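Have a look at the structure below before the remarks.
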Amino acid sequence: MNLLKSDDYPAIYEDYIENVQGDVMEELQNQLELFPQFIKEIPKEKELYTYAEGKWTVKEILCHIIDTERVMSYRALRFARNDMTALASFEQDEFVTFGRHNEREIDSIIEEFKHLRAANIALFKTFNEVELTRKGMASDRLISVLAFIYVIAGHLNHHQFILQQKYLNS
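Residues in the sequence shown are numbered from 1 upward in steps of one, following full-length UniProt numbering.
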């Protein structure tokens, strides 16, 4: 169960937000510990695997999770600090196309995730009730700071499920 009201976030994020069970900060902390273990268990031969033409590789999905978390946490910071400048969308496919993710080693992806997530947890813990409820426009949609935190956790859960079902169980 989440603490968000339906007007805290646009419908496009509903699946991610509903993908978070329990306390969102506990979920972020659990992911910090469990997601790197999950990544380490991915067989080397699956790192560049795609289950269909035009789909991202495992490495691209892992880096997409990191890129999205970085963008969402930046947005949360801006709104928490009362910067109400409307923020542009980001084109996830372009991030993947130009990210050179398949050239990276899995260990560097794990390290980047761990550092980013630890920094974000520390940041989110500094937000008070007023800051968490602030809203701003991102991608032409009104969203609260707290909703971004849920989106980060739920987005990772969403992609981990896809990795398990469509990439690693084949």
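Note that CB positions come from ideal geometry on N, CA and C, so glycine has one too. Everything numeric in this text was worked out from a predicted model, so none of it was measured.
Check	Outcome
Euclidean distance between Cα positions of ILE66 and PHE113	6 Å
Nearest-angstrom Cβ-Cβ length linking PHE79 and VAL145, presumed shorter than 8 Å	5 Å
Residue closest to ILE106, alpha-carbon to alpha-carbon, out of GLU26, ILE12, PRO36 and LEU28	PRO36
Pick from ASP93, PHE95, LEU77 and VAL96 that is closest to ILE87, judged by C-alpha positions	A small fix is needed here, since residue 87 is Leu in this sequence, not Ile. It is LEU77 whose Cα lies nearest to the Cα of LEU87.
Complete runs of the alpha helix (DSSP H) confined to the stretch 106-165 [at least 4 residues]	106-126, 129-133 and 145-162
Spatial distance of ASP15 from LYS125 (CA atoms)	24 Å
Residue(s) in a DSSP beta bridge with LEU77	Answer is none; LEU77 lacks a bridge partner.
In DSSP terms, what LEU87 is bridged to	ALA138
N-terminal and C-terminal residue of the alpha helix (DSSP H) that PHE95 is part of	92-97
Inter-residue spacing [alpha-carbon to alpha-carbon] between ARG141 and GLU47	34 Å
Same chain, Cβ closer than 6 Å to SER139, five either side skipped, listed in chain order	SER89
Three-state secondary structure (DSSP) of ASN102	helix
Residue range of the alpha helix (DSSP H) that includes GLU14	14-18
Limits of the alpha helix (DSSP H) - the one that ILE42 falls within	Per DSSP, ILE42 belongs to no alpha helix (DSSP H) and is neither H nor E.
Three-state secondary structure (DSSP) of THR68	helix
Residue closest to ARG81, alpha-carbon to alpha-carbon, out of LYS135, ALA11 and GLY154	LYS135
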